[in-house]
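Chains A and B supply the protein sequences, listed in that same order.
Okay, so the first sequence: first residue is 2 according to the numbering used here, each after it adds one.
Okay, so the second sequence: first residue is 327 according to the numbering used here, each after it adds one.
C-beta: ideal position from N, C-alpha, C; glycine also.
For reference, the structure discussed in these notes is given below.
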Amino acid sequence: DAEITQSPRHKITETGRQVTLACHQTWNHNNMFWYRQDLGHGLRLIHYSYGVQDTNKGEVSDGYSVSRSNTEDLPLTLESAASSQTSVYFCASSLGGSGTETQYFGPGTRLLVL
Amino acid sequence: AQKVTQAQTEISVVEKEDVTLDCVYETRDTTYYLFWYKQPPSGELVFLIRRNSFDEQNEISGRYSWNFQKSTSSFNFTITASQVVDSAVYFCALSEAGSGYSTLTFGKGTMLLVSP
């Protein structure tokens with residue numbers, strides 16, 4: 002069955018370290034997204050991609066980067082982790098087109114920055 | 327700019343009660359899409375429904391129903407005869423079609439607690 006996976010599911014890191022969260026989907030979806038979820042804020046968009054080599058900044062992109070070298074993967078990198086980046090991170094994908102299609106979410110990665 | 331408001335932060339009901347979760351949205355576009363997602367205690371986000379702005383018919387799926395009213399910019403979600411398994415955080419979201427690519431804006435969610 003097609004799916005979207007995230008790894009690791011849990012991560013503890015130290016302030017200042019570089020961290021990469023993986024997202025892999027097997028639906029052959031063109032669009033991929035990264036969100037963070039924090040209490041009181043709901044889900045906020047970090048970065049998104051509408052195809053290979055395409056990346057765009059979302060609402061809360063500072064301190065994060067992404068690259069899209071193939072259809073299946075959109076890794077999220079925290080260049081220098083900060084305690085404010087402690088959060089639950091969700092990856093999502095959608096078929097393609099205008100961006101209004103249904104997004105399907107991965108299981109999430111819980112990140113703790115000490 | 328698009329905005330979604332879920333004014334109810336938390337709702338508690340007893341099993342078998344009906345409950346309505348409110349969602350009010352703001353958009354300048356005439357073409358847009360509205361969504362509901364469920365996040366159970368296990369943490370995953372589960373897609374429930376997608377509705378476009380030209381379809382104001384109410385939708386019913388089992389115990390779930392959705393009431394879309396453009397006149398009040400609302401897309402409310404009702405659970406009939408609630409069950410303990412309905413306990414979750416529910417998110418309403420909006421995507422504008424506009425021109426070019428669009429992104430999804432979420433409300434802050436409503437936590438529903440159904441007690442036996």
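Inter-segment contact for the segment 64 to 75 of chain A and the segment 334 to 344 of chain B is absent: fewer than three beta-carbon pairs are separated by less than 8 Å. Not a single CB atom of chain B sits nearer than 7 Å to the CB of A/Ser8. A contact is defined here as three or more CB-CB pairs under 8 Å, and the segment 24 to 41 of chain A meets this definition with respect to the segment 87 to 101 of chain A. The alpha carbon of A/Thr110 has as its nearest neighbour, out of A/Cys92, A/Leu96, A/Gln104, the alpha carbon of A/Cys92. The Cβ atoms of A/Tyr51 and A/Leu44 lie no closer than 7 Å to each other. The criterion of a C-beta distance shorter than 7 Å is satisfied by A/Glu15 and A/Leu115. Residue range 55 to 58 is occupied by the beta strand (DSSP E) that includes A/Asn57. Looking at the backbone, the Cα of A/Ala3 and that of A/Gln104 are separated by about 14 Å.
Chain A places a beta carbon closer than 7 Å to that of B/Phe373, counting this residue as a contact.
Chain order gives the chain A residues near B/Arg376 as Thr103, where near means a beta carbon separation below 7 Å. By the C-beta criterion, the segment 342 to 361 of chain B is judged to be in contact with the segment 403 to 420 of chain B, since at least 3 inter-stretch pairs fall below 8 Å.
Under DSSP, A/Cys24 takes part in a beta bridge, and its partners are A/Gln7.
For the segment 416 to 442 of chain B, the set of residues with a beta-carbon nearer than 7 Å to any beta-carbon of chain A comprises Phe417, Ser421, Ala423, Tyr427, Ser428, Thr429, Leu430, Phe432, Gly433, Lys434, Gly435, in chain order. Per DSSP, reduced to three states, the secondary structure at A/Asp39 is strand. Here the alpha carbons of A/Asp39 and A/His25 stand approximately 23 Å from one another. One alpha carbon belongs to A/Asn57, the other to A/His42, and they sit about 21 Å apart. Taken in chain order, the unbroken stretches of beta strand (DSSP E) that lie wholly in the segment 395 to 431 of chain B and span 3 residues or more are 400 to 405, 414 to 422. Straight-line spacing of the CA atoms in A/Thr78 and A/Val20 works out to 6 Å. Per DSSP, B/Gln334 lies in no beta strand (DSSP E) segment and is marked neither H nor E. B/Phe394 sits close to B/Arg377, with the two beta carbons spaced by under 7 Å.
Judged by beta-carbon spacing, A/Leu22 lies within the 7 Å limit of A/Tyr90, meaning their Cβ atoms are closer than that value.
When DSSP states are grouped into helix, strand and coil, B/Gln365 belongs to the strand group.
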